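Written out below as structure tokens is the structure these notes cover.
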Amino acid sequence: MPLTPTARCCSLAAAAALLITGPAVAERHPEAGAIAEVVSPLVSPHDSRDYRVLTLENGLTALLVSDPDADKAAASMNVSVGSAQDPEDLAGLAHFLEHMLFLGTEPFPEADAYQGYISRRGGSHNAFTAPQDTNYFFDIDPDALEGALDRFSQFFISPLFNADRLESERNIVHSEYMARIRDDGRRENDVLNALLNPENPTNGFSVGSRETLADRPEGEPSLRERVIDFYQRYYDANVMHLTLVAPQPLDELETLVAERFTGIADRGLEAPRITAPLALEEAQPQRVALQSVRDSRHLRLLFPIPDPIAEYRHKPADLVAHLLGHEGEGSLLAVLREAGWADGLSAGVSRGDGHHALFSVNISLTPDGAKARDAIEATLFAAIEQLRAGGLEAWRYDEKAKLAEQQFRFQQHGAPRQEAMRLSMNLSRFPVEDVQYAAYRMDGFAPERSAVYLDALTPDNLIRLYSAPDVEGDITSPWFHTPWVEDRAEDRAEDKRQEVSGEANALAGLALPDPNPFIAEDLALRDVQDERPRRLVEAPAFDLWHMADATFNTPKVEWRFSLQHPEAASSARDAALARLLAGWLDDSLNEAFYPARLAGQHFEAYAHARGITLSFSGWRDRQERMIERVLHQLQVGDISEASVERVRYRLQREWRNAPQAALHRQAGRTLAEALVRPQWPSAALLEASRELNADDLRDYRDALTTELRLEAMAVGNLTDDEAEALGRQVAETLAPTLEASAIPDLTPLRADADLPSLTPHTSREESVVLRYLQGPDRSLASQARLAVLGQLIDTPFYQRLRTEEQLGYVVNAGYSPMLDAPGLALLVQSPETESAAIDARIDAFLDDFETTLAALDDDTLAPYRQAVHDSLIQRDTSLAGRAGRLWQAMSFGDTEFDRRERLAEQALAVDADDLRELWPNLRETAVARVAYDPGNEPDDVLALTQHLEPLPEVEE
58 MPLTPTARCC SLAAAAALLI TGPAVAERHP EAGAIAEVVS PLVSPHDSRD YRVLTLENGL
118 TALLVSDPDA DKAAASMNVS VGSAQDPEDL AGLAHFLEHM LFLGTEPFPE ADAYQGYISR
178 RGGSHNAFTA PQDTNYFFDI DPDALEGALD RFSQFFISPL FNADRLESER NIVHSEYMAR
238 IRDDGRREND VLNALLNPEN PTNGFSVGSR ETLADRPEGE PSLRERVIDF YQRYYDANVM
298 HLTLVAPQPL DELETLVAER FTGIADRGLE APRITAPLAL EEAQPQRVAL QSVRDSRHLR
358 LLFPIPDPIA EYRHKPADLV AHLLGHEGEG SLLAVLREAG WADGLSAGVS RGDGHHALFS
418 VNISLTPDGA KARDAIEATL FAAIEQLRAG GLEAWRYDEK AKLAEQQFRF QQHGAPRQEA
478 MRLSMNLSRF PVEDVQYAAY RMDGFAPERS AVYLDALTPD NLIRLYSAPD VEGDITSPWF
538 HTPWVEDRAE DRAEDKRQEV SGEANALAGL ALPDPNPFIA EDLALRDVQD ERPRRLVEAP
598 AFDLWHMADA TFNTPKVEWR FSLQHPEAAS SARDAALARL LAGWLDDSLN EAFYPARLAG
658 QHFEAYAHAR GITLSFSGWR DRQERMIERV LHQLQVGDIS EASVERVRYR LQREWRNAPQ
718 AALHRQAGRT LAEALVRPQW PSAALLEASR ELNADDLRDY RDALTTELRL EAMAVGNLTD
778 DEAEALGRQV AETLAPTLEA SAIPDLTPLR ADADLPSLTP HTSREESVVL RYLQGPDRSL
838 ASQARLAVLG QLIDTPFYQR LRTEEQLGYV VNAGYSPMLD APGLALLVQS PETESAAIDA
898 RIDAFLDDFE TTLAALDDDT LAPYRQAVHD SLIQRDTSLA GRAGRLWQAM SFGDTEFDRR
958 ERLAEQALAV DADDLRELWP NLRETAVARV AYDPGNEPDD VLALTQHLEP LPEVEE
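Quick look at the structure:
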């Protein structure tokens, strides 16, 4: 697949200019003296939101998006300064500054003034530091936007850089570093940085640590003075780009911005430019092998190129990435899969700094592929030669442009916070008129420009990184301690296609893709709309639900088909077979369906406790043929040993790597294994899968398809008649026979006093405590009370245990239901503090929180319960998101599709007495604990929890 650059919010997609709804217009705005210019960007014809781009007199650029339907307001400030500007003697300073801005300003000096305000009003906030950007963002209830901007704007006007917070925040940054020190992506980039040009500032250590942010020697400026100097040297209105997305009218948003952000200093700065090459020409080619933590094998083939971002209007590098990353028949990946050497591939541009970048081809290898990496490299260069010989053709570019035109024309906007982040970054990179359009724009085929990038893909310009867990290196990377070594030919003698003294041979069978047969032609919008799903078919073994939906102005449909069987996950073996069947179905159709994915048609099969679900997402036109093809493959497709082995290896790799996952995620998974049935640990699935073969999978498929129950839902732009016709066609093909009563439910269990502390199966070198306070039953009243309590406890828990006590980077508390069983999760992951000490801190916090509850009144509680109410009824921001929500509601038995509204109303009825009544039993009676310290042996969670009873349901 083509690789989307991770360092940019805009992908190298495209669109045709005929879709532009109007020209950009610049005008004077005399009513606001602080505003120098107003511009309107180019937008999709179906985008009904109002836009305005302002340039304030201090140089700040602000994009305002008025969306009357938005139920959240959001802001994002992108500062075109990042870790590339770190001083040589203070690695991580930009990131440290990002942290410090949250800890008080002159008008709002309290360390939690911003965070607390956001949390009380149903919002969220965060920030990130990249090599050339630092982005700050939040979302909040629209009525609270003014107060949030009061606090947010002061980050960039009057931060305090509290001296008493320097040490604690340095510890937090160090904890963040330690939490990611075993992340394979960062370990690999640490090695890559050593191979690139040390004079390019994007190739340095960016997170920061106690070592790099240590107190300065006597006689030198202090760390606080260095932070202030960095802020004054680089933070300036001219390098800031602000985006607001909110339901307020543009004039109101304009006033909010003009009154609050004109105080940002205008120092006449420009965004820093990087001129040093990313890689040194004389250093190539380079081939190295490095040790991974996870049990996975990857080959990255990188080529230094000019950064193509300046050519976004034509996207010449994108065409090359599209053809090399193709996954259809005859593609590089298809040939490698056929040889048994790879199970995934992506291509694209990464590490762009405005002048230079890397063209990347990333390949996920099988064990046999790891032994054939020279032959894989030779096959890549054969594919490149094939492109040079005839791949850069106008019709291929035009086909991509047509697909991009469709995407732009029916663009669906995400949640306001994601929109604000994306647009603020785009605003910093592209002309204001293209802030929405840049990602889709394709102004015409430029073969000579594509050839420039293709010509850079040569053996002499190659940086190759091979990663695997069994690599032994005699060099260690400086920050993430990755062992690595030169990958020499004599060390690769096991390559099956190569003698030590000879050259590897490329695989045969490469072919360029044919014209895409899946491009939709009928994009007419049906004028149909339902309030909620309706059951069109109610048969003993088949239910079909449908909701006609035109609110997103797109002729797309989301289909879900749940194929259910009573024994689907009754044992670890059956659960593993369900995952194997779903994986095989996806894998066996990969080459055939890759053109469909490019054309906007998506299919995924996934396993669950009741069976497998077939999920289809895309244009209404030509969707039926995909559904027919999937059903045919499911019922009679050839299950070969090679395909089963490929999928089984991928699943086993995932299960083997489970102990390497982030520790807080492992704690959450252990809790779910304890309190939900059926649920199978990764270790059990891995063990059960070891002896499975193609015959076993054929038998499982036959059992599932011979006797099943079918539940289906269609949400999108199609009529009742269209939905019923296709739904009945699927039911006729699958011939379901089982009634709903034959299918077991997922069941949440009650934590009791006999439940011991549980230890996850992990190899991490940190400590964690997850304290889970479970509600008394599954009623809406209990869910509402726990949800409000979670909203109330969130900020003080974070402020005390993370900011003040510095226990670790991952600290959070909040409402965390298991299915429909309510609960409150308190989590701390620490690189240094052991679990017993963490427990003591949590207990001390809970003791003090009990005092807070005792003094709580309903007026103080009101904004918290309103925040819960608003989050529960938050609008859907995409058709896929709406379909997913409704599908989940149906799976929980909510066939009136009103449970969230009823729960939201219950939240508004929660009062302080309810929480005080709930608290004693919540804290003492039903508590689950997951904890780990390095060296602890994992528990048999299923054995320790087999005595647990279901959490009761309550009639309402």
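According to my numbering, the sequence shown is numbered sequentially starting from 58. Every residue, glycine too, gets a C-beta built ideally from N, C-alpha and C. Bear in mind the structure is a predicted one, so any value in this text is a computation, not a measurement.
If the five residues before and after I800 are omitted, its C-beta is found closer than 7 Å to the C-beta atoms of Q621, P623, R667 and R766, all from its own chain and listed in chain order.
Beyond the five residues adjoining it in sequence on each side, M875 comes within less than 6 Å, by CB distance, of L732, V733 and P805 in the same chain, given in chain order. Between the C-alpha atoms of A236 and S407 there is a straight-line separation of about 24 Å. When S97, I362, I175 and D579 are compared, the shortest CA-CA separation from D375 is found for I362. Shortest Cα-Cα distance from I214 to any of G320, H182 and T332 involves G320. In its chain, beyond the 5 residues on either side, F212 and P216 have a beta carbon closer than 6 Å to the beta carbon of L158.
Taking all protein chains in view, the Cβ of I197 is crowded by 16 or more other Cβ atoms within 10 Å, so the residue is classified as buried.
Residue P365 holds the alpha-carbon nearest to the alpha-carbon of R506 among F537, P365, E543 and R821. In the DSSP assignment, the residues bridged to Y193 are M134 and A184.
The three-state secondary structure of Q211, taken from DSSP, is helix.
In the assembly as shown, D778 is an exposed residue. Its beta-carbon has fewer than 16 other beta-carbons within 10 Å. By the criterion of a C-beta distance shorter than 7 Å, R109 is surrounded in its chain by V95, S97, L121, L307 and E311, once the five residues flanking it on both sides are discounted. Pairing P342 with Q142 gives a Cβ-Cβ distance that is not under 8 Å.
Shown here, W398 sits in coil according to DSSP, grouped into three states, outside any helix or strand. Judged by their CB atoms, F165 and L270 are not nearer to each other than the 8 Å cut-off. Membership of P504 in the alpha helix (DSSP H) is indicated by the continuous run P504 to D512. The Cβ atoms of A346 and W541 lie closer than 8 Å to each other. Pairing A432 with L567 gives a Cβ-Cβ distance that is not under 8 Å.
Distance from the CA atom of R357 to the CA atom of N246, rounded to whole angstroms, is 11 Å. With the rule of 3 Cβ pairs closer than 8 Å, the region 175 to 190 does not count as touching the region 866 to 875.
If you keep only unbroken alpha helix (DSSP H) runs of at least 4 residues inside the region 732 to 779, you get 739 to 746 and 751 to 763. Per DSSP, the continuous beta strand (DSSP E) segment holding D107 begins and ends at D107 to L113.
As DSSP reads the structure, V418 sits in a beta bridge with L358 and A404. About 7 Å separates the beta carbons of M770 and L943, which is inside the 8 Å limit, making them a contact pair. With the rule of 3 Cβ pairs closer than 8 Å, the region 381 to 400 counts as touching the region 413 to 421. Rounded to whole angstroms, the gap between the alpha carbons of A596 and R785 is 11 Å. Inclusion of E615 and S674 in the CB contact set at 8 Å is warranted, their separation being smaller than that value. Just measuring C-alpha positions, the residue of T423, G409, N250 and F195 sitting nearest L402 is T423. Per DSSP, the continuous alpha helix (DSSP H) segment holding T436 begins and ends at R430 to G447.
Excluding its 5 nearest sequence neighbours in each direction, A391 has C-beta neighbours in its own chain below 6 Å: E648, listed in chain order. Counting only runs of 4 or more residues that sit fully inside the region 257 to 292, the alpha helix (DSSP H) segments are 280 to 291, in chain order. Every unbroken stretch of the alpha helix (DSSP H) spanning 4 or more residues and falling wholly within the region 594 to 652 is given here in chain order: 629 to 645.
Of Q348, D500, S534 and E702, the smallest CA-CA separation from P526 is found for Q348. DSSP, read as helix, strand or coil, puts N250 in helix.
Within the same chain, and ignoring the five residues on either side of A322 in sequence, the residues whose Cβ sits closer than 7 Å to its Cβ are D293 and A294. By DSSP's assignment, H298 forms a beta bridge with T118 and N135.
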